[in-house]
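In what follows, a structure is listed as structure tokens, so that the remarks can point back to it.
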Amino acid sequence: MSANLLVELFTEELPPKALKRLGEAFGNGIASGLVARGLIAKNPATTLYATPRRLAVHLAGTLDRAPDRAESKKLMPAKVAFGADGQSSAALLKRLEKEGASAGQLERRTEGGAEYVYLNQTIPGLTLAAGLQAALEEAIAKLPIPKVMSYQLADGATTVHFVRPVHGLLALHGDKVVDIAILGLKAGRTTHGHRFQGVKDIPVATADAYEEALAAHGQVIADFDARRAEIARQLAEKTAMLKASLGAETGYAPLLDEVTALVEYPTVYIGAFEPEFLAVPQECLILTMRQNQKYFPLFDAAGKLTNQFLIVSNMKLEDPKNIVEGNQRVIRPRLADARFFFETDKKTRLADRVPQLGAIVYHNKLGTQLERIGRVRKLAQAIAQKIGADPALADRAALLAKTDLVTNMVGEFPELQGVMGRYYALADGEDARVADAIEQHYRPRFAGDALPDNAVAVAVALADKLETLAGMFGIGQQPTGDKDPFALRRHALGVIRLLIEGNLSVSLFDLVALAFSVFPPKMLGAAHTDLRIFILERLRSYLRDGGYSANEVESVLCLNPMALNVIPRQLAAVRAFAELPEAQSLAAANKRVVNILKQAAAKGESFANAEAGMLQETSERGLFDALGKTSQQANVLFRQGDYTGYLKAFAVLKAPVDAFFDSVMVMVDDQKLRQNRLALLADLRREMNQVADISKLAT
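Using this note's numbering, read the sequence shown as starting at 1 and increasing by one per residue.
Below, the structure written as structure tokens:
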């Protein structure tokens, strides 16, 4: 019989940041376990439930018993199974006894010239109770539990282990309880409502009645996504009423997930704090509200923080006065602390904090933060000169860039490093470009993050990232597999984005050399090449993520370009060329040229530029003339940076190239003629492949 299945674990409050993952792993784990045991079809209709006090799953179309299945098992060679008289041997009889089978279930089969005995059996399908018991145990064992708790059961003797103590197990197949047990609990049909506002014990008639029973009697929205959507709806309703905004979605979305995992029946209320706290940098107040109090700060139309905030409560009351006032009382000391830290920090100039960095160890092989800042300063000045920024301002920004690490505010809120440095620098009267660079030198911090918006900040950002990369590679701390404790992949991607998206005409080769040069002699190993290769590998991923194919990317990167800012124009040119009707033919011809030249070089052939006087065949003279004329035009476009025009110019060579390969034998016996023809092909390859290696486009 097929019916819908509902399984619920009722627990004490689960860790909110892990709740969604736990719910998904619990439900999907049970589903996959039942699929493997033939109790449900593949890709079953699955509904996952997760609240602070429960993990549950609803699975449609679950069987009460899996179908029987035929199984054929190889037992032993026939010569071992039977004696010379054809009677069953002792070994066969013993095996049949072990399997609980009879001789009538045996079959002889010949494989590879030898005869074997097989046992054919019908394996009864598992009952749902047995299959669900095993699937539930497997699912629980594989849960991504942040930290396991140990607790005793009511008998005072048995100890079990789970993320939080479990107080109830519900398992219904249609309207019948499934006889299973886990974590010291036997399954029943009772679930439990909201801790304060719902019915404590709620009998559930059928698997399909679970969600409705909790909503109607328990004051619980069991579905995580439905609960999140309800919170979002109420937040939007309140912000519209106040003519305010929640700010950028990226800023509050993680908090929305977290509060969804903290409540079972959400209600949104409006709170406020004293306007004088707005004198504190708004980033501090926002972080305090979101991180410590789980409140949603509100912003005006200009994006400026207001003194109102939204509270997501687990209680729905006619008069929420006590809830609102209680939350307002709680936040005041937090805001007062932030104001105290800010005012206290401003009493000491950032420049006077620099010596304190000498007490912070950056890495035991690379020295202190103060020593690191010395290296970043040198590097920032050198980069500033290359990109047209003010070296003195870059030096000043690099000197002060890490000083906010020793402030009270950043000590309390490490996420504000850089942000607070900017505020303190402005309070000290530093140049605005220096202040901005202190904040922005961490950018880009993640995919899609904004880049620094002034040249001084760019210089310091590049210096900071390159010093980290050179230092870690130089002491052998390259990322391995999934491990990247120093975020070197992110730093490399940051360098790539700064160079490409900032359109900086700086050689990557020179930047890597500069980065290693600022370290004391013998501190680092020779890892220049390894670091360049590492950055270029990240560049491949960056370009592929940008929508370019592997062949397009390789056609450019195989030339080992060092000016990364021109690569997007090169790739655009490659794509435009590839759309020409002549493209595939010319790409194939280039690939043929590559192979011919490679084989010739392997044989020791030498060839320089082709000489017109050595040309004999009409088709080779035609190619020589066409190549000379086209190259002259194309090189003008190349020098102007018109890479698309450059590549397209060579489309006219399709006919002469095809004619050449149709009628000319390159590897002739005459050495001078052979070398001249090889030289003509080398000229063709050199002239045509300055933007990209066209042969890589051949399919």
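Don't be surprised by glycine CBs; every beta carbon is placed ideally from N, CA and C.
Residue nearest to Tyr49 within the set Thr344, Arg540, Gly61, Lys20 is Lys20 (criterion: CA-CA distance).
Just measuring C-alpha positions, the residue of Asn28, Val177, Ala253, Ile360 sitting nearest Leu235 is Ala253. Asn307 places its beta carbon 8 Å or farther from that of Phe341. Between the C-alpha atoms of Tyr362 and Met149 there is a straight-line separation of about 36 Å.
Taken in chain order, the complete beta strand (DSSP E) segments of 3 or more residues contained in the region 21 to 88 are 46 to 51, 54 to 63, 69 to 77.
Taking a C-beta distance under 8 Å as the contact criterion, Val406 and Leu451 do not qualify as a contact pair. About 15 Å separates the beta carbon of Leu59 from that of Leu9, a gap too long to meet the 8 Å contact definition. When the beta-carbon positions are compared, Leu214 and Leu126 stay at least 8 Å from each other. Boundaries of the alpha helix (DSSP H) harbouring Val458: 455 to 474, taken from the DSSP string. When DSSP assignments are scanned along the region 184 to 270, the uninterrupted stretches of alpha helix (DSSP H) that are 4 or more residues long and fall wholly within it turn out to be 210 to 213, 224 to 242, 249 to 260. Relative to Leu350, the option among Gly112, Ile438, Val312 whose CA is nearest is Ile438.
When only Cα atoms are considered, Asp484 and His491 end up about 11 Å apart. With at least 16 other beta carbons inside 10 angstroms of its own, Glu264 counts as buried.
DSSP assignment within the region 301 to 381 yields the following whole beta strand (DSSP E) runs of 3 residues or more, N-terminal first: 305 to 313, 361 to 363. If you look at His173, you'll find it in the beta strand (DSSP E) that goes 166 to 173.
For the pair Pro355 and Glu412, the Cα-to-Cα distance works out to about 21 Å.
Secondary-structure assignment with DSSP links Lys483 through a beta bridge to Thr480. Ranked by how close their Cα comes to the Cα of Phe519, the residues Ser507, Arg334, Leu255, Phe473 have Phe473 in first place. Annotation: the region 477 to 562 contains the following complete segments of the alpha helix (DSSP H) (minimum length 4 residues), in chain order: 488 to 501, 508 to 517, 528 to 545, 550 to 557. A residue is called buried once 16 or more other Cβ atoms fall within 10 Å of its Cβ, and Gly198 is buried on that count. The alpha-carbon of Lys74 is positioned some 27 Å away from that of Arg65. Secondary structure of Pro144 (DSSP, three-state): coil. Between Glu620 and Phe660, the C-beta gap is smaller than 8 Å, which places the two residues in contact. Under the DSSP assignment, Asn292 falls outside any beta strand (DSSP E); it carries neither an H nor an E label. A distance below 6 Å between beta-carbons, with the five flanking residues on each side excluded, links Gly61 to the following residues of its chain, in chain order: Ser2. The Cβ atoms of Thr618 and Val652 do not sit closer than 8 Å to each other.
The straight-line gap separating the alpha-carbon atoms of Leu637 and Tyr646 is approximately 5 Å. Checking the DSSP bridge columns, you'll see Glu99 has no partner listed.
If you check the CB distance, Phe446 and Thr468 do not come in under 8 Å. When rounded, the separation of the alpha-carbon atoms in Ala588 and Val512 is 36 Å.
In this structure, DSSP gives Asn635 a helical state, which the three-state scheme calls helix.
Remark: three or more beta-carbon pairs, one from each stretch, lie closer than 8 Å, so the region 582 to 602 and the region 677 to 687 are flagged as touching. Between Thr11 and Val166 the beta-carbon gap is near 5 Å, inside 8 Å, which marks them as a contact.
Going by DSSP, Arg396 is part of the alpha helix (DSSP H) stretching over 391 to 400. Beta-bridge partners assigned by DSSP to Arg108: Val117. By the beta-carbon neighbour count (other beta carbons within 10 angstroms, threshold 16), Ile123 is exposed.
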